[in-house]
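Chemist: The structure's right below; bear with me while I get my questions together.
Numbering (the UniProt record's numbering), first residue to last: 1 to 403.
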């Protein structure tokens, strides 16, 4: 089967090979972590034919007997060769109880280069940080970017291709199904969601009320990019005749974040230069998953989908992302990388002076010289820059590899 390279991740991983650190690839199920591991194996073998590579994929039945640290140690006994370049690659490592003890011992003795994947943020961050301190690096794998989507589906950059991406999202396996049969696509996305809920929410987090969890995910999908508080969640649940404390509602959202269904983005006071602790926003890690939960109909919520797409691309570009607050306004995204900030407003269309004033006006209130952008669909006319603020179409932005 053909493996389409996601070279930016391979290059990122290779920077840390041989540096004495465990490499942890994290991300939602079915975003392609296993294929990146397989691509990495190919790269290692090409550069070092004598490398000793041990690959354990916990989703395969042949490794079902490796349940805990003792089983893992027993399996590895005799497989690590003295004096050789040893590589230990483990897919879905969180399915091995106590795995961190074995990894810590192997890493301390520098017996091998360790690369693992995992689909639960809580488990990986707590276990690895507790037992390994600064001896591991986390590389987060996202669903396909727009440019990758075009490559995987053999499409040209066009308005039609953009709408396909905004609708179906970027789960890599969709290229094998094809986008022509929409019923098959949505059935696949639904099955992925069901697997995530079962394995990473119910089993891993211990949340038993699946109906309540799905009601909350429906609410978040309908409010992607909107401020969400414990109080607003509680009010929504009361409207659904469900009694749940605000704290419990937030814990359900944490479970969804740990399973990489959604990401929380905190607010940032631009004038006060500080993060705020209440009323966060949530964005989905895959647009198709978000649209499936929202009912697939984007007629009334295209702005939410566009904003989520912008968020995902910013994440792909490696920015730290916050939502900006002003005394009388909001900036959709305040992003930072390498000590430089960028301010971004997102709109569906800049169609009149009122919209122009709102989207550009808030950016003009910021009294610093960092770059400022407005991103919109605007398919009918060429975007114009305004008083130093750059105006990009969504397609231009999603095709960019830097700001």
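All C-beta atoms, glycine included, are put in the ideal place defined by N, C-alpha and C.
Give me the DSSP bridge partner(s) of residue 391.
Modeler: Paired residues: 374.
Chemist: So for residue 190, helix, strand or coil by DSSP?
Modeler: Note: residue 190 maps to helix in three-state DSSP.
Chemist: Report yes or no: do three or more beta-carbon pairs, one from the segment 272-282 and one from the segment 361-377, lie closer than 8 Å?
Modeler: The answer is no - the segment 361-377 does not touch the segment 272-282, with fewer than three Cβ pairs under 8 Å.
Chemist: Counting only the same chain and skipping the five closest in sequence on each side, list residues whose C-beta sits under 6 Å from that of residue 395.
Modeler: Closer than 6 Å at the Cβ level, and outside the excluded window around residue 395, lie 162.
Chemist: Is the distance from the Cβ of residue 324 to the Cβ of residue 330 below 8 Å?
Modeler: Against a cut-off of 8 Å, the Cβ pair of residue 330 and residue 324 comes out as a contact.
Chemist: Who pairs with residue 267 in a beta bridge, going by DSSP?
Modeler: Per DSSP, 323.
Chemist: Once the 5 residues before and after residue 85 are set aside, which same chain residues still bring their CB inside 8 Å of it?
Modeler: Closer than 8 Å at Cβ, skipping near neighbours: 48, 50, 51, 52, 113.
Chemist: List, from N- to C-terminal side, the alpha helix (DSSP H) runs of 4 residues or more that fit wholly inside the segment 302-361.
Modeler: Counting only runs of 4 or more, we get 302-316.
Chemist: I need the boundaries of the beta strand (DSSP E) containing residue 59, first residue and last residue.
Modeler: Looking at the DSSP string, residue 59 is not in any beta strand (DSSP E), and its letter there is neither H nor E.
Chemist: Looking at C-beta atoms only, is the number of pairs between the segment 130-142 and the segment 14-26 that lie closer than 8 Å three or more?
Modeler: Segments in contact, yes.
Chemist: Relative to the C-alpha of residue 291, which candidate in 245, 223, 235 has its C-alpha closest?
Modeler: Minimum Cα distance to residue 291 is reached at 223.
Chemist: Under the DSSP definition of a beta bridge, which residues are partnered with residue 68?
Modeler: For residue 68, which the question treats as bridged, DSSP gives the partners 97.
Chemist: Tell me residue 138's beta-bridge partners as DSSP assigns them.
Modeler: Note: residue 138 sits in a beta bridge opposite 24.
Chemist: Considering residue 202, what are the terminal residues of the beta strand (DSSP E) in which it resides?
Modeler: First-last for residue 202: undefined, no H or E at that position.
Chemist: Residue 353 to residue 332, Cα distance in whole Å?
Modeler: Roughly 19 Å between the two C-alpha positions.
Chemist: Consult DSSP for residue 91 and reduce its assignment to one of helix, strand or coil.
Modeler: Three-state result, residue 91: strand.
Chemist: Relative to the C-alpha of residue 203, which residue among 233, 256, 249 is closest?
Modeler: Checking every option, the nearest Cα to that of residue 203 belongs to 256.
Chemist: Please identify the residue among 264, 261, 259, 229 whose C-alpha is closest to the C-alpha of residue 248.
Modeler: The shortest Cα separation from residue 248 among 264, 261, 259, 229 belongs to 229.
Chemist: Mapping the DSSP letters down to three states, classify residue 157 as helix, strand or coil.
Modeler: Here residue 157 sits in coil by DSSP.
Chemist: Looking only at its own chain, which residues have a Cβ that is under 8 Å from the Cβ of residue 92, when we skip the five neighbours before and after it?
Modeler: Same-chain partners within the cutoff: 57, 58, 59, 117, 118, 119.
Chemist: By how many angstroms is the C-alpha of residue 377 removed from the C-alpha of residue 28?
Modeler: Using only the alpha carbons, I get a separation of about 28 Å.
Chemist: With a cut-off of 8 Å on the beta carbons, I'd call residue 9 and residue 196 a contact; round off their distance for me.
Modeler: Actually they are not in contact, since the Cβ atoms of residue 9 and residue 196 sit about 21 Å apart, beyond 8 Å.
Chemist: Rounding to the nearest angstrom, what Cα-Cα distance links residue 355 and residue 305 in this structure?
Modeler: Straight-line Cα distance between these residues: approximately 19 Å.
Chemist: Does the pairing of the segment 68-81 with the segment 99-108 give three or more beta-carbon distances under 8 Å?
Modeler: Touching, yes.
Chemist: Please name the residue, chosen from 199, 172, 164, that lies closest to residue 182 on a Cα-to-Cα basis.
Modeler: Looking at the Cα atoms, 164 is the closest of the given residues.
Chemist: Are the CB atoms of residue 88 and residue 66 within a distance shorter than 8 Å?
Modeler: In this structure, residue 88 does not lie closer than 8 Å to residue 66 by Cβ.
Chemist: Could you name the residues of the same chain whose beta carbon sits closer than 7 Å to that of residue 225, not counting the 5 residues immediately before and after it, in chain order?
Modeler: Taken in chain order, the residues that qualify are 281, 283, 304, 307, 308.
Chemist: Less than 8 Å separating the beta-carbons of residue 262 and residue 220?
Modeler: Going by C-beta atoms, residue 262 is nearer than 8 Å to residue 220.
Chemist: Among the residues of its own chain, which have a CB less than 7 Å from the CB of residue 17, if the five just before and after it don't count?
Modeler: Hits under 7 Å: 113.
Chemist: Identify, in the order they occur along the chain, each residue of the same chain with its Cβ nearer than 8 Å to the Cβ of residue 245, setting aside the five sequence neighbours on each side.
Modeler: Contacts found: 234.
Chemist: Grouping DSSP H, G and I as helix and E and B as strand, with all else coil, what is residue 228?
Modeler: In this structure, residue 228 counts as strand in the three-state DSSP scheme.
Chemist: Beta-carbon within less than 7 Å of residue 218's beta-carbon, same chain only, minus the 5 sequence neighbours each way: which residues are those?
Modeler: Same-chain partners within the cutoff: 293.
Chemist: Look at the Cβ atom of residue 37, then the Cβ atom of residue 115, and state whether they are nearer than 8 Å.
Modeler: In contact: residue 37 and residue 115 (Cβ atoms closer than 8 Å).
Chemist: According to DSSP, simplified to helix, strand and coil, what is residue 104?
Modeler: In the structure shown, residue 104 sits in a helix (DSSP, three-state: H, G or I).
Chemist: Residues bridged to residue 280 by DSSP?
Modeler: Answer by DSSP bridge pairing, in chain order: 228.
Chemist: Use the C-beta contact count for residue 3: other C-beta atoms within 10 angstroms, 16 or more gives buried, fewer gives exposed.
Modeler: Classification of residue 3: exposed, given that the 10 Å Cβ count is below 16.
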